[in-house]
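Asks:
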Amino acid sequence: MAKPILSVFIISLGIFMFSCTESTPLEQALTDAELEVKKVLDFADEHEIQIRYTQIKRGENNLPEFSSYSLFEDSEAYFYPASTAKLPIAALALQRIRELQAERINIDSNTPFHIRDRYNHPIALKDSTALNENLSVAHLIKKIFLVSDNDSYNFLFDFLGSDYINSELRKKGLSETSIHHKFLFGADNQKTWEYHFIDHLDTLYYQPSIRAKQIISNGNLKAMIKGIGYIDGDKLVNRPFDFRSKNRISINDLEGILKRILFPDVFDSSERFDLLEEDYKFLKFWMSRNTLESSDPDYSNNPDLYDSYVKFFVYGDQKGAMTDNVRIFNKVGDAYGTLTETAYIQDRASAIEFLLTATVHVNENQIFNDNIYEYDSIGFPFMAGLGRAILNYEKNKR
Numbered sequence: 003m004a005k006p007i008l009s010v011f012i013i014s015l016g017i018f019m020f021s022c023t024e025s026t027p028l029e030q031a032l033t034d035a036e037l038e039v040k041k042v043l044d045f046a047d048e049h050e051i052q053i054r055y056t057q058i059k060r061g062e063n064n065l066p067e068f069s070s071y072s073l074f075e076d077s078e079a080y081f082y083p084a085s086t087a088k089l090p091i092a093a094l095a096l097q098r099i100r101e102l103q104a105e106r107i108n109i110d111s112n113t114p115f116h117i118r119d120r121y122n123h124p125i126a127l128k129d130s131t132a133l134n135e136n137l138s139v140a141h142l143i144k145k146i147f148l149v150s151d152n153d154s155y156n157f158l159f160d161f162l163g164s165d166y167i168n169s170e171l172r173k174k175g176l177s178e179t180s181i182h183h184k185f186l187f188g189a190d191n192q193k194t195w196e197y198h199f200i201d202h203l204d205t206l207y208y209q210p211s212i213r214a215k216q217i218i219s220n221g222n223l224k225a226m227i228k229g230i231g232y233i234d235g236d237k238l239v240n241r242p243f244d245f246r247s248k249n250r251i252s253i254n255d256l257e258g259i260l261k262r263i264l265f266p267d268v269f270d271s272s273e274r275f276d277l278l279e280e281d282y283k284f285l286k287f288w289m290s291r292n293t294l295e296s297s298d299p300d301y302s303n304n305p306d307l308y309d310s311y312v313k314f315f316v317y318g319d320q321k322g323a324m325t326d327n328v329r330i331f332n333k334v335g336d337a338y339g340t341l342t343e344t345a346y347i348q349d350r351a352s353a354i355e356f357l358l359t360a361t362v363h364v365n366e367n368q369i370f371n372d373n374i375y376e377y378d379s380i381g382f383p384f385m386a387g388l389g390r391a392i393l394n395y396e397k398n399k400r
C-alpha cells in the first residue's frame, strides 16, 4: 500500500510556520503566493488540496533531471479527476492506431470513421467542427485539448474499450489510474459502439462492439463517499455521493502520464506509450495550444470561449489574451466541484520550465450535481494564483 507523501504546514495570518527547519522550494514559493491562494490553503483539508511541483534541470545531452516537492499529496485520498482522464485516452488512441498499422491495416489518425451501435443505428457519422466534416482520431484529439470536448473522449474511449485502456496503463506502471466510464449520462460502459474506418465507400477496418471483461474497482481509497446529498433528475437525495465507480487518477500518476508524453526518453521502453516521434509532436503541439489558437477546429466565433478556457494555472482567473512567452502543455478537469490540472509550464523568455499538478475541491453546500460550486470565487483564483506563485519563484531563484 502506497504511503501518502505529506508536507505539513500551518498558515497563520498569511505567515507559514513549517514543521521542519528548512522549507522545500514549494513551501518557499507559497510564502509569496497571493492572498487568494493562502486563504484556501488555510482550509486545505476542507478543499481536498493536493499539490506536486517538479523542478527541471537539464543535464548531460540536455536530458531533463527532475526534483519533485509535494504538499498534501496522498495517493490513497480519492479526488474526481474529471477531464484529466482524457489525457491518457488521447495518447492510447494514437498508440492503438500504430498497433493496427502493424497488423497491416491501412488507416492512420486522419482516416475518417463512422460510429454505430450494435444494431447498426448511427451514433456519429461526421464532425461539423472539422473543415472536411470527417470524424477522425486526430481531430478528436485536437478538440480534447482545445475545449476538453466530452464527445471526443467518449468516441475514443469506446474505440479503445476499458479493458485495453486499463491493461495498457498498468503495463506502463500507472497502477493508481483506472478509467471506468464515458462522460455520457446513462452510457453503457461495458459494451462499446462499432467503428467503421472508411475510404470513400470502402471499409478499411471494422471494429465490432467490445464487451469489457475486467472488473474495475477503486479499492479502499479514502474519501470516495463525499458530501451530504446530490441531485438526481430534479430531486434532492439526502445521502452522500458515491464515487466508487468513477474514474480515478492519483496526482503521481497524472504527472507521470504527462511526463511520458513530454519526456518519453527518461522512461524504460515498457513504461512509454508505443508512439512514433510524429505522434509525440502532435500531442505536444495540441496540448500547448490556447483555445482560440486553431483554425480547424475554429472556436474564434464562440462568445463563451477564450484563450485560457482550458488553462487554469497562471491564467485561469483571466479571460483575456495570454502572453506568447508562457506556453502551457496541459490537461485540465472540472466537475463535481473539483478543479484539477497537470501542466508543463515553459517561459521561453526566461528559459524556465517546470511541472505542476494540483487539485482543489470547492463545494461549500456539499451537494453534488446542483451546479452550485465556487469555481469563479475560489477555485480558479486558487489555481491561477498557484501557477503564478511557482512561475514567479522560478524567475526569482535564477
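Okay, so the sequence shown: first residue is 3 according to our numbering, each after it adds one. Ideal placement from N, C-alpha and C gives every residue a C-beta, glycine not left out.
Isoleucine 146 and alanine 92 look like a contact to me (Cβ under 8 Å); what is the Cβ gap, rounded to whole Å?
Replies: Taking the sequence shown and counting its residues from 1, one reaches residue 146 at position 144. Taking the sequence shown and counting its residues from 1, one reaches residue 92 at position 90. Confirmed, Cβ separation roughly 5 Å.
Asks: From Gly318, Asp349, Arg246, Thr325, pick the residue whose C-alpha is nearest to that of tyrosine 377; which is it?
Replies: Position 375 of the sequence shown, counted from the first residue, corresponds to residue 377. Tyrosine 377 has its Cα closest to that of Gly318, out of Gly318, Asp349, Arg246, Thr325.
Asks: Between the C-alpha atoms of threonine 361 and serine 296, what's the straight-line distance to the nearest angstrom?
Replies: The sequence position of residue 361 within the sequence shown is 359, counting from 1. The sequence position of residue 296 within the sequence shown is 294, counting from 1. About 28 Å.
Asks: Select from Leu148, Asn327, Ser271, Lys261 the residue whose C-alpha is nearest the C-alpha of serine 70.
Replies: The residue given as residue 70 occupies position 68 in the sequence shown. Of the candidates Leu148, Asn327, Ser271, Lys261, the one whose C-alpha sits nearest the C-alpha of serine 70 is Lys261.
Asks: What's the gap between the Cα of tyrosine 208 and the Cα of tryptophan 195?
Replies: Looking up residue 208 in the sequence shown gives position 206. Looking up residue 195 in the sequence shown gives position 193. C-alpha separation (whole angstroms): 11 Å.
Asks: Take phenylalanine 382 and list the residues in its own chain whose beta-carbon comes closer than 6 Å to its own, dropping the five residues that flank it on each side.
Replies: Position 380 of the sequence shown, counting from 1, holds the residue named residue 382. Same-chain partners within the cutoff: Gly318, Asp319.
Asks: Does aspartate 2 come out as helix, strand or coil in the three-state DSSP assignment?
Replies: In the structure as shown, the chain starts at 3 and stops at 400, and residue 2 therefore has no counterpart that could be examined.
Asks: Nearest to serine 154 by CA position, among His182, Ile117, Gly235, is which residue?
Replies: Translated into positions along the sequence shown, residue 154 becomes position 152. The option with the nearest alpha carbon to serine 154 is Ile117.
Asks: Which runs of the beta strand (DSSP E), 3 residues or longer, sit entirely within the stretch 236-280?
Replies: Whole beta strand (DSSP E) segments, 3+ residues: 237-239.
Asks: Bridge partners of asparagine 64, per DSSP?
Replies: What you label residue 64 is simply residue 62 of the sequence shown in a count that begins at 1. Answer is none; asparagine 64 lacks a bridge partner.
Asks: Using a Cβ-Cβ distance cut-off of 8 Å, determine whether isoleucine 380 contacts chain B.
Replies: The question asks about chain B, but that chain is absent: this structure has only one protein chain.
Asks: Using 10 angstroms around the beta-carbon of tyrosine 197, count the other beta-carbons present and answer buried if the total reaches 16, otherwise exposed.
Replies: By one-based count along the sequence shown, residue 197 stands at place 195. Buried, since its Cβ has 16 or more Cβ neighbours within 10 Å.
Asks: Name the residue from Gly322, Asp326, Phe315, Asp349 whose alpha carbon lies nearest to the alpha carbon of leucine 341.
Replies: Within the sequence shown, residue 341 is the residue found at index 339, counting from 1. Checked all of Gly322, Asp326, Phe315, Asp349; the closest Cα to leucine 341 is Phe315.
Asks: Here's the rule I'm using: 16 or more other beta-carbon atoms within 10 Å means buried, otherwise exposed. How should aspartate 129 be labelled?
Replies: Numbered from 1 along the sequence shown, position 127 holds the residue referred to as residue 129. Classification of aspartate 129: buried, given that the 10 Å Cβ count is 16 or more.
Asks: What's the C-alpha gap between glycine 339 and tyrosine 308?
Replies: Stepping through the sequence shown from its first residue, residue 339 is reached at position 337. Stepping through the sequence shown from its first residue, residue 308 is reached at position 306. Going from the Cα of glycine 339 to the Cα of tyrosine 308 covers about 21 Å.
Asks: Between which residues of its own chain and threonine 86 is the CB-CB distance below 8 Å, once the five residues before and five after are set aside?
Replies: Here the question's residue 86 lines up with position 84 in the sequence shown. Ile251, Leu256, Lys333, Val334, Gly335, Thr342, Glu343, Thr344, listed in sequence order.
Asks: With a Cβ-Cβ cutoff of 8 Å, do proline 83 and asparagine 249 count as a contact?
Replies: Numbered from 1 along the sequence shown, position 81 holds the residue referred to as residue 83. Numbered from 1 along the sequence shown, position 247 holds the residue referred to as residue 249. Closer than 8 Å, so yes.
Asks: Quick test of the definition: if touching needs 3 or more C-beta pairs under 8 Å, does the stretch 94-106 touch the stretch 271-286?
Replies: They touch, by the three-pair rule.
Asks: Can you tell me whether DSSP reads histidine 141 as helix, strand or coil?
Replies: For the purposes of this step, residue 141 is taken as the residue at position 139 of the sequence shown. If DSSP states are grouped into helix, strand and coil, histidine 141 belongs with the helices.
Asks: Between glycine 163 and aspartate 34, what straight-line distance do the alpha-carbon atoms span, to the nearest angstrom?
Replies: Here residue 163 is taken as the residue at index 161 of the sequence shown, counted from 1. Here residue 34 is taken as the residue at index 32 of the sequence shown, counted from 1. Approximately 45 Å between the Cα atoms of the pair.
Asks: Which term fits lysine 5, buried or exposed, when burial requires 16 or more other beta carbons within 10 angstroms of its beta carbon?
Replies: As a first step, residue 5 must be located in the sequence shown, where it is residue number 3. Unreliable placement is indicated for lysine 5, whose pLDDT of 37 sits below 50; no coordinate value is reported for it.
Asks: Quick one, which of Lys237, Tyr55, Gly231 has its alpha-carbon nearest phenylalanine 245's?
Replies: Taking the first residue of the sequence shown as position 1, residue 245 is located at position 243. Closest option to phenylalanine 245, Cα to Cα, is Gly231.
Asks: Determine the contact status of glutamate 355 and isoleucine 167, defining contact as a CB-CB distance below 8 Å.
Replies: Indexing the sequence shown from 1 puts residue 355 at position 353. Indexing the sequence shown from 1 puts residue 167 at position 165. Contact: no.
Asks: Closest to aspartate 201 by C-alpha separation, out of Ala104, Asn108, Arg54, Gly389, would be which residue?
Replies: One-based indexing of the sequence shown puts residue 201 at position 199. The candidate whose alpha carbon is nearest that of aspartate 201 is Asn108.
Asks: Which residue marks the beginning of the beta strand (DSSP E) containing leucine 358, and which one marks its end?
Replies: Here residue 358 refers to the residue found at position 356 when the sequence shown is read from its first residue. Unbroken beta strand (DSSP E) run through leucine 358: 354-363.
Asks: Can you give me the Cβ contacts of glycine 175 inside the same chain, cut-off strictly under 6 Å, excluding the 5 residues immediately before and after it?
Replies: By one-based count along the sequence shown, residue 175 stands at place 173. These residues qualify, in order along the chain: Glu273.
Asks: Could you pull the DSSP bridge partners for leucine 341 from this structure?
Replies: The residue given as residue 341 occupies position 339 in the sequence shown. Note: leucine 341 sits in a beta bridge opposite Asp336, Val362.
Asks: Can you tell me whether proline 90 is buried or exposed, with buried defined as 16 or more other CB within 10 angstroms of its CB?
Replies: The residue given as residue 90 occupies position 88 in the sequence shown. So proline 90 counts as buried.
Asks: Among the residues of its own chain, which have a CB less than 6 Å from the CB of lysine 193, if the five just before and after it don't count?
Replies: Taking the sequence shown and counting its residues from 1, the one referred to as residue 193 is at position 191. If we look at lysine 193 and ignore the five residues flanking it on each side, its Cβ neighbours are Ser211, Arg213.
Asks: Once DSSP output is grouped into helix, strand and coil, what is the label at aspartate 349?
Replies: Residue 349 sits at position 347 when you count from the first residue of the sequence shown. Three-state DSSP puts aspartate 349 in a strand.
Asks: State buried or exposed for glutamate 135, treating a residue as buried only when at least 16 other CB atoms are found within 10 Å of its CB.
Replies: Indexing the sequence shown from 1 puts residue 135 at position 133. By the neighbour-count rule (16 or more Cβ atoms within 10 Å), glutamate 135 is not buried but exposed.
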